[in-house]
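I have placed the structure first, in the form of structure tokens, so that the comments after it can refer back to it.
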Amino acid sequence: MRDDAPQIHLKMRFSLLLLSTLAASALAAPSSLLLSNIAYRSPSIEVGGDGLAHDIDAIERRHAKRSENGERGSFAGKLSFPYGVASGDPLEDSVILWTHPEPERDTDQPLCLRWEVSSEPGKWKGRALADHGTVCTTKDVGYSVKVEAKHLKPSKWYSYRFSAVNGDKATSPEGRFKTLPRPNDDIASVNFAVFSCSNLPVGSFAAYGNAAKHKEIDYALHVGDYIYEGSARLGAPEDRQFEPRYEIASLDDYRQRYNAYHRKDASLRAMRAAVAWQVVPDDHEVADNSWKDGSAKQPPGTLFRGVTFSERKRNAFKAYFENMPIRQISTTDDLRTWRQFRIGKLADLNMLDTRQYDRDVTDVYTNTPYIESIRNDTSRSLMGGRQEAWLYNNLEKSKATWKVVAQQILVTQMHQLRKCVGCAQDLNYDAWDGYTANRARFYEAVKKTKNVLMLAGDTHAAWVSEVHEPFTDDYDAATGKGSFGIELGGTAVSSSSSYGSLTKEIYVERAKQLTEVNKGLQFAEGERRGWFSLELTRERAVARFWGNQNTAPDSPEDLLATFEVKEGTDRFVRPINGGKRPIAGALQSLEWDQSSWDGTTFTRPRA
Ligand SMILES: *[C@@H]1O[C@H](CO)[C@@H](O)[C@H](O)[C@H]1NC(C)=O
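FYI, the numbering for the sequence shown is -28 to -1, 1 to 579, going by mature numbering (1 follows the signal peptide of the UniProt record, and there is no 0).
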């Protein structure tokens, strides 16, 4: 019982509280149990002021009084777990566990749960019980529960669950996670599932459901657009519709949006329960085409539904930290989500925020020629100076075999075959193409190190590239000579294709055209929704792109194409995809005679 004590590594002012609480009955005086819930002090202990910080003492005093229905202490009624469970940000000995209990009736009393982590599936007693505790939550944090489970062993699978302390002792679904290896462990392999762009009313989340069945997956990465902030979608069935129905801005709005996602989609709940997640937001976790001071619909200095952009971003981040199994990264920096995980000696995983943290003005649809005109300015940054310095230093210092850079937007120069009135080129200036000096600085760091793998989402299509200098012609698309890195851009879980709504034949034709105008683009695909896996071993990295038709929650998936990179080469093994035509989309090297590249297009198909 006594290691029910909350795991606090917090300021001194809480330790007196802790002692007094342990002396009393835990459930009657839940303050330490509130404190063990990380949701109260995320994104940071101070949480940006302005009504987002929680006064635990005041919440405690509120509960010490009789509540409206005359009860004292924690809620005694029934609880349920309609939002499922999740785990995330594993380390060698700990992990973050998440859930969100729902009381059978409205209450302002705390809801208290026991949580348990077991090293043997189905066993919740004796030596199998690796860690456990009791935690409470209140309306103040939208009933979210986040605890850190500790005392775990490295590279090991665990099960976990939550159960109500009162009432009928309702139990949550069970989840699983694997801890990371120790930083110096020489592990043989690791396998990630990579997701982006999950738009609830647009289509089913078959990609999550399919991925959840892949038992070889160790961890899930979500590189952003986990939720969308927009208003209800015309014609979407009610069981996938957004809540609330308007474009969201307040903390309560963002909370309701996450609740709708987690309540309405069983595939998402299955994938969240299946493995530990490592997540970073893109724009839609706040607002479309956001940058540090505004978004497409909310220019700097304007109010949206009564809030400024910075207030809106804080609301969005607060709800993100309440609903995602993410660690508190900085005790003082509310907006910091960029962080690193070390996967033994095999990989360093750098998770970037190229979107919300410190990004200079982006393409907001109405200013595209202007962004094109300033895109080479050296002062423009996607990440801000602190994050840039941190990333380059990580790459330089890394001793791991693979350096994974998990981030939001396409890194490589990419002609879109799309017209823009007033523009000289057809590039996506909301991607790294709008920040070419920042990209040049990043490329300098990448060129000094082997085995950099860049991951991207954002575009709702697949883009697999060998990374080369954008403005010179020293890259050979046939052999990969001149490539100094790999980019794996995944398609959306459900968001509509950036190619538009086309026939199967035209999707393939379009993919071929894109590979014609983009030399490094070795695979393009726009028809399927899906995800990709990234398997790393000491000798090779293998990416498998999985696609489904997204017609139903259980839409089956196909392995569209496989890409292999040998350690130390920074290019794909030829023939790409084993020389086979992919099930959807197009490969570059199979279709076109590389000697016929005239700088703009390939003029001759392969003989
Ligand atoms: C940005 O730099 C590239 C490469 O030097 C050049 O082709 C392009 O015209 C430049 N764009 C602007 C707006 O200066």
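We put the CB at the ideal spot given by N, CA and C, even for glycine.
From a predicted model like this one, the values you see are computed outputs, not experimental measurements.
- By the Cβ rule, the region 416 to 434 counts as touching the region 483 to 500, because three or more pairs are nearer than 8 Å.
- Short note on Glu416: C-beta not closer than 8 Å to any heavy atom of ligand 1.
- Spanning the alpha carbons of Asp197 and Glu283 requires a straight line of approximately 19 Å.
- In the three-state reduction of the DSSP assignment, Met243 falls in the helix class, which pools H, G and I.
- At least one heavy atom of ligand 1 sits closer than 8 Å to the Cβ of Arg347.
- Cβ-Cβ distances below 7 Å link Asp265 to Pro272, Phe281 in the same chain, with the five nearest sequence neighbours on each side left out; the list follows chain order.
- According to the DSSP secondary-structure assignment, Gln250 is paired through a beta bridge with Leu193.
- Going by beta carbons, Phe544 and Gly452 fall inside the 9 Å limit.
- Listed in chain order, the alpha helix (DSSP H) runs fully inside the region 287 to 362 are 340 to 346, counting runs of at least 4 residues.
- Across the structure, Arg576 and Glu488 are spaced so that their CA atoms are roughly 10 Å apart.
- Residue nearest to Asn520 within the set Ser468, Arg235, Ala136, Pro75 is Ser468 (criterion: CA-CA distance).
- In the structure shown, the three-state DSSP call for His104 is strand.
- Shown here for Val377: same chain residues with a beta carbon closer than 6 Å to its own, the five before and five after excluded, namely Asn322, Met426 in chain order.
- When secondary structure is reduced to three states using DSSP, Ser90 falls in the strand class.
- Inter-residue distance for Gly139 and Gly49 is about 5 Å (C-alpha atoms, whole angstroms).
- With contacts defined as CB atoms closer than 9 Å, Trp310 and Ile301 qualify as a contacting pair.
- No Cβ-Cβ contact shorter than 9 Å links Gly114 with His234.
- The C-beta distance from Leu367 to Ala319 rounds to 13 Å, too long to fall under 8 Å, and the pair is not in contact.
- For Ile381, the secondary structure class from DSSP, reduced to helix, strand or coil, is coil.
- Relative to the non-hydrogen atoms of ligand 1, the Cβ of Ala396 comes within a distance shorter than 8 Å of at least one.
- A contact is defined here as three or more CB-CB pairs under 8 Å, and the region 250 to 270 fails this definition with respect to the region 80 to 98.
- For Phe214, the shortest C-beta to heavy atom distance toward ligand 1 is 8 Å or greater.
- For Thr408, the CB falls within less than 8 Å of some heavy atom of ligand 1.
- By the neighbour-count criterion, in which 16 or more other beta carbons inside 10 Å mark a residue as buried, Asp445 falls on the exposed side.
- With fewer than three CB-CB distances shorter than 8 Å, the region 132 to 149 does not count as touching the region 225 to 239.
- Below 8 Å, too few C-beta pairs join the region 285 to 294 and the region 336 to 348 to call them touching: fewer than three.
- Using a 10 angstroms sphere on the CB of Leu389, the tally of other CB atoms stays under 16, which defines it as exposed.
- Here the C-alpha atom of Ile346 lies approximately 32 Å from the C-alpha atom of Leu193.
- The beta carbon of Glu529 sits no closer than 8 Å to any heavy atom of ligand 1.
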